[in-house]
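Here the structure is laid out as structure tokens; the discussion comes afterwards.
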Amino acid sequence: MSSQDSLVRFFLGPWLIGGCLELILLGVLCCQFVNYYNWYRDDTRLLKATVLVLCILNLLKSAECFASLWVFFIIHYGDINTALEMSITTWWDTGNPLIVAILNFYVQSYFCTRLWSVCRKGWIVAPIFCIFLFALLAMCVCTYYIKILANEQITNWFAAHLGSVFAGDTLLTTVMAYHLIQNKKVAISPRTSDLVESLIRLTFQTAAPAAVIALCNLVFSQMNRTSRPLLGYVEIAFNQILPKVYAISMMYTLNQRRALRLKMSGSRSGSGTGSDGPSFAVRRPGPTRSNKDDDIELGRIEVQTETTRRVDVTGMFAAPASTHSTHSMEDAKLGLTQEQPS
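Residues 151 to 492 in this note's numbering are what the sequence shown lists, from first letter to last.
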């Protein structure tokens, strides 16, 4: 096999595979957007705007992806030298990793707000957010080195970016799961325990795909240090689909509220069965605190004492008072009643 044939396989091949998968995932994502706006018309404007921005960004990214495939495989069909040259001369090719990083950071920021809703501890959320911010800045630096074709620095900053993404995703998922498990321990009702367990499963379901793709991306991005440097181009395919995997995880999190509501609708009990949903018993030691202003998406579980005090046990899908909705105040809130000891 000639060197030019190898370049076609390892450079254009990942572009083609990654681009096709990206467009397929766009179809999945569009279905999620349609479902969201059909199911949650009463969500807050802030949350609707957040989803709208996510939709626009991903449509633009897919348009860029399709345009790159058209240029590579139609306009310059069979011209591998021109394709390689465009990787450092055209903005849409040079800036592609940065565009991917921006889309990833958008969703990562959303899940950081989910973590804040759960733990309410800035000293926990801030370091994880800073890891994601560093990942974005590392890709900004990497884009500069791509432009000047400094291969060694490109490899180093790609490693810094992707390593930070993987570490941030792992930490966020672990901390989120830990706080949900702690909340599960105080629940007396089996239904309440099942609800929190569903949230724990959802945490791993939405985090695992993006983390795995980021890890594969990291591994192949470092292959040009080995005896088979052409394998380094394989990371292009993983990099193309990573933003869509992140976006699908975010939309799956938001749309899962409906499934949870249907699951819990048959398990109502007690006297609090109005629009606030079912009431269950829970025992929680220590003082309670008020967080009435939080919107609720999937699983905010409230503890309400006879003296009308309220506290969030899990706010995993709560948005800050206005991004891991008043509509949810009516359809997803689960009021948990705690009796004061006599």
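All residues carry an ideal CB built from backbone N, CA and C; glycine is no exception. This one's a predicted model, so the numbers in the text were calculated from it and none came from an experiment.
>> Here's the rule: buried if 16 or more other CB atoms are within 10 angstroms of the residue's CB, otherwise exposed. What is Gly168?
In response: Classification of Gly168: buried, given that the 10 Å Cβ count is 16 or more.
>> For Tyr227 and Ser218, I'd like the C-alpha separation in whole angstroms.
In response: Between the C-alpha atoms of Tyr227 and Ser218 there is a straight-line separation of about 12 Å.
> Under the three-state reduction of DSSP, which class applies to Gly228: helix, strand or coil?
Replying inline: The answer is coil: DSSP assigns Gly228 none of H, G, I, E or B.
>> With three or more C-beta pairs closer than 8 Å as the rule, is the stretch 402–409 touching the stretch 189–201?
In response: Here the stretch 189–201 lies against the stretch 402–409, with 3 or more beta-carbon pairs under 8 Å apart.
> With distances taken from CA atoms, which of Asp344, Asn306 and Thr324 is nearest Arg375?
Replying inline: Measuring from the Cα of Arg375, the nearest candidate turns out to be Asn306.
> What is the C-beta distance between Leu286 and Ala251, in whole angstroms, given that I count them as a contact (C-beta under 8 Å)?
Replying inline: Leu286 to Ala251, Cβ: 5 Å. Contact.
>> Within 8 Å, do at least three Cβ pairs link the stretch 322–330 to the stretch 255–271?
In response: Touching, per the Cβ criterion.
> For the stretch 263–329, which segments carrying the alpha helix (DSSP H) assignment without a break, of at least 4 residues, lie completely within its bounds, in sequence order?
Replying inline: DSSP runs (the alpha helix (DSSP H)) wholly in the stretch 263–329: 272–298.
>> For Arg411 and Tyr186, I'd like the C-alpha separation in whole angstroms.
In response: Approximately 14 Å between the Cα atoms of the pair.
>> Once DSSP output is grouped into helix, strand and coil, what is the label at Thr353?
In response: For Thr353, the three-state secondary structure derived from DSSP is helix.
> According to DSSP, is Tyr190 helix, strand or coil?
Replying inline: DSSP, reduced to helix, strand and coil, places Tyr190 outside both helices and strands of the structure shown, so it counts as coil.
> What three-state label does DSSP hand Arg159 in the structure shown?
Replying inline: Residue state, collapsed to three classes: helix.
> Under 7 Å, do Ile278 and Leu248 count as touching if we go by C-beta distance?
Replying inline: Cβ distance not < 7 Å, so Ile278 and Leu248 don't count as in contact.
> Are the beta-carbon atoms belonging to Ile281 and Ser314 less than 7 Å from one another?
Replying inline: Yes, these two residues count as a Cβ contact at 7 Å.
> Could you give the C-beta distance for Gln390 and Ala309, rounded to a whole number, given that I count them as a contact under 8 Å?
Replying inline: Not confirmed; about 19 Å, so no contact.
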